[in-house]
């Protein structure tokens, strides 16, 4: 590829683009020649069975995984060849939340939120006092935003699942990200907490104009929450359409080659 | 594999899977070890008759023991302070050195396979070289004093602390680390911000555990000149002042038990749940603390202090006061100990310059004309280890069974036996060895008996713990068939836990062979006696030869034990 041609393929800032990405873990192919583009400032939902490649896709966007072949462009940076410094800068702009919240349970909620700022701080930190004052104040503000200011000094392990996920969202927000990755954010929560967390995510994403890429199990939530739905099956993109006007039937195709009883379970 | 076996009713049974070569080898190793242990008990002439014969000795000794001659209180406090200071500084040093080593040794935090290999090697070597050997070599390099003694204790401790820290790090939840990585945190940042806080309780508990062990070892190192209670004890016994010696032994015993109880309480507090429901003084403090905050009203407003600034620190409630006091006290104690340990660094530079010359004295290792004697003494050491483990096991099984709450006839019985185990664990093996030497005379028998009793403490606890961890539903199922209590015990409880018990026994053998090399220095038989003698008469090539023999033996025993445990578990 010539330099001019390479330059031409750089996507506009704010977008995320997969170019012929294949990812193999040993003999298992997790992503199979995936090419897809996520537009800026939209809520994109990935649907698919467990093992269809949703998590792997998310983890390619911030370089937690690197493609075997092909490349991922995130905010104008090619992830595969990014140096550690570039990757660090990139990750600082990409917030991520996880199914299991990933908080240090023995630490205070406030300190957990402060760790989100590590990407733009130098040197090791240990204990709340090691963070600059402005970081601690910012952390308190983010906690107020997710409705947990009164829990700031409790140990994270004492919070309920829904509260822990809110704290994790605050930890992502303190980065002031332009992209938010959410890997099954409500899969470990009961229906009521799930609704609260999704509502919060949607509200914050609109307010901040975030580019959201979120993997989900629940089709119903996806249809209500998403601007666009991307379906994955065995590492391939099998559906890529705006959410508006999509029905359960359209989405069902994503789960096609699976035995009927399994499909019923997912739809339910 | 042959044809399927059949029963009388001609229903074919599936062929029995053939046990793997490794399993057969592991079981053979166990049988060999057991046979060797029985032979060792016989060869060392540990039997009732020889004990009865030594009863005269014992009576004679007890008459010379009383009245106990305690040193003046001031002197005693100085000695105790010195011992505690040395042990505190040594343990802190060990923790400081172990932390980086364990981070490189743990699979999830290491920087690469090469560094991991280096770190693992450091841990194995530090564990294989007994503290006594570190002490002999370091005293030769730096001269007598607190610093080389502290270094010896600290270096050997890396073997245990580094290993346990690395295990704790590997078992930790990797999620928070990944979250910080995904936010752009560097390796150093995610290690300090998520790994260390997560494993902190285990780090402290392990350090306290090692503190108990180092206290005992520091007494032993008194025999090679490390100051404190151990030195006074060694001097008293060397000059046959039994009234003074036994008085000191009693004080050491009480100190060990006190420290063990104290560290037990601290560990329980650390690992236990924090109660949020406070009353009395704590509740009073908390109510005052809460008054200083004006806006914990709902979660959507940042908390503010009375002065209206945003709160970015927890209030001074009882929890924070306690944590602050704990940290402050620890720092004060360590600082005090560092000053009081009286380390002399004035000759450090010259000592290091002379290092090549001193190390040259150890090379090449040579048995001189003692090869036969040394090999025989090494064999005796191994016999002591084997015999002590077997005798310990025989005593520990019933004690462990009665100490397990789900097996003992009643909870009261279980608590009684748990208490017995705690007391036995509090007894320093060195003191036991000295008492047995007095009763049975010098030789391998007192060493074996001392280690056997020491083994009862640890093995009894491990057996009781494994029995309590068994799956009670299996026991219920067997009981439901109408089995008697004894049948339930053998068919369900013991059957479930047998692999763990074998693993514990092999671990104990490993520990006992290490200890057997050391107890020789007080005259309890085996290679230790020759080690200390060669060091006293400055034959450092012989010292080096013995060190090499000990390390090879210890590593070989450990390799067999680790391999057998892995195959059988």
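Residue numbers (this note's numbering), protein chains in the order written: chain A, 22 to 289; chain B, 81 to 649.
All C-beta atoms in this analysis are idealised placements derived from N, C-alpha and C, irrespective of residue type, glycine included.
- When 7 Å is used as the limit between beta carbons, residue 277 of chain B is near these residues of chain A: 125, 127, 128, in chain order.
- When C-alpha distances from residue 267 of chain A are compared across A:258, A:246, A:255, A:256, the shortest belongs to A:246.
- Less than 8 Å divides the Cβ of residue 187 of chain A from the Cβ of residue 168 of chain A.
- By the neighbour-count criterion, in which 16 or more other beta carbons inside 10 Å mark a residue as buried, residue 338 of chain B falls on the exposed side.
- Our two residues, residue 171 of chain B and residue 143 of chain B, have alpha carbons roughly 39 Å apart in a direct line.
- For residue 269 of chain B, the C-beta contacts it makes with chain A under 7 Å involve 139, 145, 146, in order along the chain.
- Interface criterion met: the Cβ of residue 157 of chain A is under 8 Å from a Cβ in chain B.
- Chain order gives the chain B residues near residue 161 of chain A as 382, 383, 390, 391, 392, where near means a beta carbon separation below 9 Å.
- In the three-state reduction of the DSSP assignment, residue 86 of chain A falls in the coil class, being assigned neither a helical nor a strand state.
- Taking the Cα of residue 380 of chain B as reference, the smallest distance to any Cα among A:160, A:102, A:120, A:244 is reached at A:160.
- The beta carbon of residue 216 of chain A does not come within 8 Å of any beta carbon belonging to chain B, so the residue lies off that interface.
- In the three-state scheme derived from DSSP, where H, G and I count as helix and E and B as strand, residue 452 of chain B is classed as helix.
- Taking 8 Å as the threshold, the shortest C-beta distance from residue 194 of chain A to chain B does not fall below it.
- Counting only runs that start and end inside the region 520-550 of chain B, the alpha helix (DSSP H) elements of at least 4 residues fall at 524-548.
- Nearest to residue 157 of chain B by alpha-carbon distance, out of B:536, B:420, B:638, is B:420.
- Classified as exposed, residue 262 of chain A has fewer than 16 neighbouring CB atoms from the shown chains inside 10 Å of its CB.
- Along the region 65-89 of chain A, the positions whose C-beta sits under 7 Å from a C-beta of chain B are 83, 85, read in chain order.
- Rounded to the nearest whole angstrom, the C-alpha separation of residue 145 of chain A and residue 256 of chain A is 38 Å.
- By the Cβ neighbour-count rule, residue 132 of chain A is buried, with 16 or more other Cβ atoms within 10 Å of its own.
- Going by beta carbons, residue 83 of chain A and residue 202 of chain A fall inside the 8 Å limit.
- Annotation: the continuous beta strand (DSSP E) that includes residue 51 of chain A extends over 49-59.
- When DSSP states are grouped into helix, strand and coil, residue 177 of chain B belongs to the helix group.
- Within the region 202-264 of chain A, the complete beta strand (DSSP E) runs of at least 3 residues fall at 232-237, 249-254, 257-263.
- Between residue 303 of chain B and residue 316 of chain B, the gap from beta carbon to beta carbon reaches 8 Å or more.
- Between residue 607 of chain B and residue 469 of chain B, the C-beta gap is not smaller than 8 Å, which leaves the two residues out of contact.
- Residues of the region 254-265 of chain B with a C-beta atom less than 9 Å from some C-beta of chain A are 254, 255, 256, 257, 258, 259, 260, 261, 262, 263, 264, 265, listed in chain order.
- DSSP places residue 93 of chain B outside both helix and strand once states are collapsed to three, so it counts as coil.
- Shown here for residue 116 of chain A: same chain residues with a beta carbon closer than 6 Å to its own, the five before and five after excluded, namely 193, 196, 198, 201 in chain order.
- For residue 192 of chain B, no CB of chain A lies under 8 Å from its own CB, so it is not counted at the interface with that chain.
- The C-beta of residue 379 of chain B comes closer than 8 Å to at least one C-beta of chain A.
- Its Cα nearest to that of residue 134 of chain B, the residue B:523 stands out among B:488, B:193, B:523.
- The three-state reading of DSSP puts residue 209 of chain B in coil, since its state is none of H, G, I, E or B.
- For residue 101 of chain B, the enclosing alpha helix (DSSP H) starts and ends at 101-123.
- A Cβ of chain B is located within less than 8 Å of the beta carbon of residue 112 of chain A.
- Unbroken alpha helix (DSSP H) runs of no fewer than 4 residues, entirely contained in the region 460-508 of chain B, are found at 491-506, following chain order.
- Around the beta carbon of residue 533 of chain B, 16 or more other beta carbons lie within 10 angstroms, which makes this residue buried.
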